[in-house]
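Here the sequence shown stands for residues 479 to 1105, where the numbers follow the working numbering. Quick reminder that beta carbons are idealized off the backbone N, C-alpha and C, glycines included. Written out below as structure tokens is the structure these notes cover.
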Amino acid sequence: MAKKQFKTEVRQLLDLVINSLYSNKEIFLRELVANAADAIDKAKFESLTDSSKVRDWQIKIIPDKEAKTLKIIDNGIGMSEAEVIENIGTIAKSGTKAFMQQLEEAKAVNSPELIGQFGVGFYSAFMVADKVIIETKKADENEPAVRWESNGTGSYDISTCDKTSIGTEITVYLKESEELFLESWKISDIIRKYSDFIAYPIIVPKVTVNEDKSETISEEIINSQKAIWLRKPSEITDDEYKSFFGHLSHSQGNYAKAIHINAEGTNEFKSLLFIPETMPFNMFMPDFQKDGLQLYVKRVFITDKCKDLIPDYLRFIKGVVDSSDLPLNVSREILQDNAIIGRIQKAVTSKILAELKKMQENEPEKYQKFFKEFGKVLKEGIHMDYLNQEKVKALAMYETMNTEAGKMISLTDYVNAMPENQEDIYFITGDSREHIIANPALEYFRNKGFDVVFMTDPIDEWIIQSMMQFDKKLLKNVAKGEIILKDEEREAEEKLLKEAADKYKDLTEFLQKTLDDKVKEVRFSSRLVESPCCLVGDEHSISPQMERIFRAMKEEIPVSKRIMELNPKHPLIEGLNKLLQANKDDENLRDYAEVLLDQALLAEGTPVRDTLKFSKNIAKLMVNAIK
Ligand code: ADP
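Below is the structure:
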């Protein structure tokens, strides 16, 4: 017998499980039964090509009130010694560390369901047990049966044993306070709640008391084993949906919508999909692995992670697809680049997008909630799914200048509300509404009664490159390029700008010279109403928002020079010009130029370059003003 230490992260995890996760302990049984079912899935899959491996697939749960143990027995694939060490002694899954950190930080101690999300379900047994023994045997005659034992603190013992039947037997030694789990009714309750649709019989002993008070023990199957995705939606209860969703997502969470697909014709498949209500918190972690959907062929389980069944931007969807077209002996490798899978993906994608559209139209509040959770991910589709690009664009929601903070509208809503004289869709990017709302570049549009879409997700910067137009209208960044006015205004404005350019020629030259290292061009514009000046990019420059993102990622990017636009009607411009005309060498002029630039940066939410210098300049100018 060998004594082995758990890897550090397993120890930490166990510590958390044992000491912190205390609500809803019953899910330990769901996790162990799910593992047993997975093990049978794998064995059954093997038996498709080797009929000698066909067994009478089943899971048994046996409580023993005297020994205070609960056994979960399957006749599935079993584990070799190396596999036990690999699967149970270490947590190979990425993200586990991050998970534990999160748990600790958030003190999310009431969330045992999180355990399942990280594929560490087995350890949940230690919520209720002070010792767990695994005995397991593979079908391979060269692999001796293995016994693993641990009390969930630092180490485990591993040795061979004399188990002869193929499969795995888990013995849970219940803590004194958890003896409720020895009651047959309790076990049945839990199984019906979480594991009813498991495709194999789950059997518990049934004790009948005879007339002469003697007891007869028989076996009872407690799960209905009905594949929920094959049933009529009208006959499925909310609880059944919920429990199946819990099974798929390894969580207690709720789903926002259940979607059935019954595809007939050239491509026959049935599917049950769920839009979850909340995002798994690891979705944006760098090592997040998309699960894909579960794939069955004619009710036979093939894999629980068929990534190609769903495009990346819908990776938050959980569900199963049951195909009638794929061959039963399809190997998991063949699934990649398979044309049938490709066609199913297409159909699944269309259906989900259509359901989301329905939700957007008929249940706007629910949709807002959905979009706040998953919008970031969904929007990737605009970039990635050329075929459905227009549909995904219409599903995207944004705050705008005219919406209340936190309320979003779609681009369709935006277009419908456009005044007649507005031709394009205007947007601005930035990292928050608060930053954007004060941007002087909005003044012209506010004044005209044109709404402006606020794109505040970091991902919007990338997405926008694929968003040239929506509904045949161009999308224009209000903080980039020159404003193109409609004909009737153009003449008057052009005249005004030309006059200003002539009149203030010395001033623009002075500003250009003084700020040359930061400003590419100084010009007059019709963009501004109240502010003296603002900074804009040219059509192709990267935005300050994007620059900040790159910097945050520690990317080296060249400092991009911006265009300084002046408001020809602002008194400050007139005043500055006067000062310049009176004395070209006035020592304050330089400071004014610097402050002008810095306040334009502040107005758009970009930090000033040198705060100390900025405040010194301001103080100096104030002193001059009140002297
Ligand atoms: P998950 O089931 O999410 O992978 P677990 O911690 O519950 O995570 O289990 C870890 C691994 O141990 C499983 O992936 C599986 O390979 C193996 N395992 C657990 N229970 C069994 C079982 N009853 N039969 C065979 N293998 C098992």
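Taking 8 Å as the threshold (C-beta atoms), are glutamine 536 and proline 679 in contact?
Here residue 679 refers to the residue found at position 201 when the sequence shown is read from its first residue. Here residue 536 refers to the residue found at position 58 when the sequence shown is read from its first residue. It is a contact, given that the beta carbons lie within the stated cut-off.
Whose C-beta lies closer than 6 Å to the C-beta of alanine 586 among residues of the same chain, with five residues either side of it excluded?
Along the sequence shown, read from residue 1 onward, the residue named residue 586 stands at position 108. Reliability of the predicted coordinates at alanine 586 is poor, the pLDDT of 47 falling under 50, and the value obtained from them is presented with this limitation in mind. Here the set comprises nothing.
Residues near glycine 859 by beta carbon distance below 6 Å, same chain, minus five either side:
Mapped onto the sequence shown, residue 859 falls at position 381. Same-chain partners within the cutoff: Tyr791, Val870.
For the beta strand (DSSP E) that contains aspartate 790, what are its first and last residues?
Position 312 of the sequence shown holds residue 790. Where aspartate 790 is concerned, there is no enclosing beta strand (DSSP E), given that its DSSP letter is neither H nor E.
Would you say threonine 646 touches the ligand ADP, meaning its beta carbon is less than 7 Å from a heavy atom?
As a position in the sequence shown, residue 646 is number 168, starting the count at 1. Checking the Cβ of threonine 646 against the ligand ADP gives yes.
Short of 8 Å in beta carbon distance, which residues of its chain neighbour isoleucine 563, apart from the five on each side in sequence? Order them along the chain.
Numbered from 1 along the sequence shown, position 85 holds the residue referred to as residue 563. Excluding positions up to five away in sequence, the list reads Lys482, Ile636.
In whole angstroms, what is the alpha-carbon distance linking isoleucine 668 and aspartate 674?
Numbered from 1 along the sequence shown, position 190 holds the residue referred to as residue 668. Numbered from 1 along the sequence shown, position 196 holds the residue referred to as residue 674. If you take the alpha carbons of isoleucine 668 and aspartate 674, they lie about 9 Å apart.
Assuming contact is defined by CB atoms lying nearer than 8 Å, are glycine 797 and leucine 771 in contact in what I supplied?
Taking the first residue of the sequence shown as position 1, residue 797 is located at position 319. Taking the first residue of the sequence shown as position 1, residue 771 is located at position 293. Cβ distance < 8 Å, so glycine 797 and leucine 771 count as in contact.
So, with DSSP's three-state summary, where would you put tryptophan 535?
For the purposes of this step, residue 535 is taken as the residue at position 57 of the sequence shown. Residue state, collapsed to three classes: coil.
6 Å Cβ shell around glutamine 990 - same chain, five flanking residues per side excluded:
Reading the sequence shown from its first residue, position 512 is the one you call residue 990. For glutamine 990, where only same-chain residues beyond five positions count, the Cβ hits under 6 Å are Val1000.
Buried/exposed call for lysine 850, threshold 16 Cβ in 10 Å:
Taking the first residue of the sequence shown as position 1, residue 850 is located at position 372. Under this definition lysine 850 is an exposed residue.
Where aspartate 1016 sits in the DSSP three-state scheme
Working through the sequence shown from its first residue, we reach residue 1016 at position 538. In the structure shown, aspartate 1016 sits in coil (DSSP, three-state: anything other than H, G, I, E or B).
Considering only heavy atoms of the ligand ADP, does any lie closer than 7 Å to the CB of alanine 825?
Translated into positions along the sequence shown, residue 825 becomes position 347. Incorrect: alanine 825 has no Cβ contact closer than 7 Å to the ligand ADP.
In this structure, does DSSP put alanine 623 in helix, strand or coil?
As a position in the sequence shown, residue 623 is number 145, starting the count at 1. Correct three-state label for alanine 623: coil.
DSSP three-state call for tyrosine 876: helix, strand or coil?
Within the sequence shown, the letter at position 398 stands for residue 876. Strand.
At which residue ranges does the segment 712-777 contain complete beta strand (DSSP E) runs of 3 or more residues, listed in the order of the chain?
733-741, 747-754, 771-775
DSSP state of threonine 486, grouped into three classes?
By one-based count along the sequence shown, residue 486 stands at place 8. The answer is helix: DSSP assigns threonine 486 an H, G or I state.
State the Cα-Cα distance for the pair proline 754 and threonine 686, rounded to the nearest angstrom.
Position 276 of the sequence shown, counting from 1, holds the residue named residue 754. Position 208 of the sequence shown, counting from 1, holds the residue named residue 686. Rounded to whole angstroms, proline 754 to threonine 686 spans 42 Å at the Cα level.
Taking just the CA atoms, how far does asparagine 894 sit from threonine 1089?
The residue labelled residue 1089 in the question sits at position 611 within the sequence shown. The residue labelled residue 894 in the question sits at position 416 within the sequence shown. Each residue's alpha carbon lies about 44 Å from the other.
The segment 896-904 touching the segment 943-959, judged by at least three CB pairs closer than 8 Å
yes
Check: tyrosine 601 C-beta below 7 Å from any heavy atom of the ligand COA
Within the structure as shown, the ligand COA is missing, the only ligands being the ligand ADP.
Measure the alpha-carbon distance for alanine 705 versus valine 775 and round it to whole angstroms.
For the purposes of this step, residue 705 is identified with residue 227 of the sequence shown, where counting begins at 1. For the purposes of this step, residue 775 is identified with residue 297 of the sequence shown, where counting begins at 1. C-alpha separation (whole angstroms): 12 Å.
To which residues of the same chain is asparagine 925 closer than 6 Å at the C-beta, ignoring the five residues directly before and after it?
Start at 1 with the first residue of the sequence shown, and residue 925 comes out as number 447. Excluding positions up to five away in sequence, the list reads Val1007.
Minimum C-alpha distance to alanine 623 - residue among Asn553, Ala607, Lys641
Position 145 of the sequence shown, counted from the first residue, corresponds to residue 623. When each option's Cα is compared against that of alanine 623, the closest is Lys641.
Pull up the distance between the alpha-carbon of alanine 978 and that of phenylalanine 928, whole angstroms please.
Within the sequence shown, residue 978 is the residue found at index 500, counting from 1. Within the sequence shown, residue 928 is the residue found at index 450, counting from 1. C-alpha separation (whole angstroms): 25 Å.
One or two residues paired with arginine 1001 in a DSSP bridge
Position 523 of the sequence shown holds residue 1001. Paired residue(s): Glu1043.
What's the C-alpha gap between threonine 646 and alanine 825?
Here the question's residue 646 lines up with position 168 in the sequence shown. Here the question's residue 825 lines up with position 347 in the sequence shown. Cα to Cα, threonine 646 sits roughly 39 Å from alanine 825.
Beta carbon of leucine 1079, beta carbon of leucine 985: below 8 Å?
Your numbering for residue 1079 matches position 601 in the sequence shown. Your numbering for residue 985 matches position 507 in the sequence shown. No; because the gap between Cβ atoms is not below 8 Å, this pair is not in contact.
Among Lys616, Gly554, Asp608, which one has its Cα closest to the Cα of leucine 548?
For the purposes of this step, residue 548 is taken as residue 70 along the sequence shown, with counting starting at 1. Out of Lys616, Gly554, Asp608, Asp608 has the C-alpha closest to the C-alpha of leucine 548.
Under 8 Å, do alanine 556 and lysine 653 count as touching if we go by C-beta distance?
Sequence index remark: in the sequence shown, residue 556 carries index 78 (1-based). Sequence index remark: in the sequence shown, residue 653 carries index 175 (1-based). Inspection of the sequence shows that residue 556 is occupied by glycine rather than by alanine. Taking 8 Å as the Cβ cut-off, glycine 556 and lysine 653 do not qualify as a contacting pair.
Which residue from Val997, Met1042, Val1101, Ala916 puts its Cα closest to that of glycine 1083?
Position 605 of the sequence shown, counting from 1, holds the residue named residue 1083. Closest option to glycine 1083, Cα to Cα, is Ala916.
Contacting residues, own chain, Cβ-Cβ under 7 Å from glutamine 947 (five flanking each side not counted):
Locating residue 947 in the sequence shown gives position 469, where the first residue counts as 1. Cβ within range, chain order: Leu953.
Return helix, strand or coil for leucine 955, following the three-state DSSP convention.
If you number the sequence shown from 1, residue 955 lands on position 477. It should be pointed out that residue 955 corresponds to asparagine in this sequence rather than to leucine. Note: asparagine 955 maps to strand in three-state DSSP.
Rounded separation between cysteine 1011 and proline 1085 - CA only:
Here residue 1011 refers to the residue found at position 533 of the sequence shown. Here residue 1085 refers to the residue found at position 607 of the sequence shown. When rounded, the distance between both Cα atoms is 16 Å.
Hey, could you find the ends of the alpha helix (DSSP H) methionine 933 is sitting in?
To locate residue 933, count along the sequence shown from 1; it is residue 455. No alpha helix (DSSP H) contains methionine 933, which is instead part of the beta strand (DSSP E) from 931-933.
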